[in-house]
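**Student:** Residue numbers (this note's numbering): 466 to 698. Built from N, CA and C at the ideal position, the CB exists for glycine as well. Please read these numbers as outputs of a predicted model, since none were measured by experiment.
See below:
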């Protein structure tokens, strides 16, 4: 079955590299990257992704972090989507501090982001203790491609997510990073409450669990895909 990957906030797909390396070559995988230099809202990104999804075959969608709301909206209506795998993700605003983003200009957010994301100290703290330097290099190579205006727009979009989630999806899996310091465990409960069929896996690692514990995540994803295939045949 086709596995389609939706990236985190950088949107480049570069951060999937360690995960892709640990998937079996038998898997059919596509990455949908987002525009590097065009600021798109969540609604626009949903349309952007929908235009790139297969129309005549079943598929599984993996949504990392920022892409959770996109996958959720698609899952509510797409009949070919058999499973959504949320990784360290959310469908409501992921942090209380994001409420401040609503009241400050995007240019200010962009300037703050430039300072924060250029700090190795901050990035290392977010990545955690597992494979720090490797993931740091990967993250830098992704961030350098995306304009600060686009990144600040995406932060504003997260802040503006509705707290009133409406609509149920059929089947979802949540990979929760045990040491995630950006997305709290309550967000897996939110997704559980809107899923008819839900499973959760708690995996050692930081918010960047798909990178720092790629082997474990790949194993979970492949098992879930195989299980989904068995249920649909």
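Tell me the DSSP bridge mates of residue 496?
**Tutor:** According to DSSP, which records beta bridges pairwise, residue 496 is partnered with 470.
**Student:** Can you give me the start and stop residues for the alpha helix (DSSP H) that residue 606 sits inside?
**Tutor:** Residues 597-608.
**Student:** Cα separation between residue 496 and residue 478?
**Tutor:** Residue 496 and residue 478: Cα-Cα distance of roughly 6 Å.
**Student:** So, at 6 Å on beta carbons, what are the nonlocal neighbours of residue 643 in its own chain, with the 5 sequence-adjacent residues on each side left out?
**Tutor:** Closer than 6 Å at the Cβ level, and outside the excluded window around residue 643, lie 667, 669.
**Student:** Kindly list the residues whose CB is nearer than 7 Å to the CB of residue 489, restricted to its own chain and excluding five residues on each side of it in sequence; keep chain order.
**Tutor:** Cβ within range, chain order: 687.
**Student:** Is DSSP giving residue 503 helix, strand or coil here?
**Tutor:** In this structure, residue 503 counts as coil in the three-state DSSP scheme.
**Student:** Classify residue 678 as helix, strand or coil using the three-state DSSP reduction.
**Tutor:** Three-state result, residue 678: coil.
**Student:** Can you list, in chain order, the residues of its chain whose CB lies under 7 Å from that of residue 700, leaving out five sequence neighbours each side?
**Tutor:** Residue 700 is absent from the model: the chain starts at 466 and stops at 698.
**Student:** Could you spell out where the alpha helix (DSSP H) holding residue 613 opens and where it closes?
**Tutor:** Per DSSP, residue 613 belongs to the alpha helix (DSSP H) from 613-624.
**Student:** DSSP beta-bridge partners for residue 587?
**Tutor:** Residue 587 pairs with nothing; no bridge assigned.
**Student:** Report the residue from 659, 681, 609, 620 whose alpha carbon sits nearest the alpha carbon of residue 536.
**Tutor:** The option with the nearest alpha carbon to residue 536 is 659.
**Student:** Cutting at 6 Å between CB atoms, please list the residues of its own chain near residue 638, excluding the five before and the five after it.
**Tutor:** Taken in chain order, the residues that qualify are 550, 664, 689.
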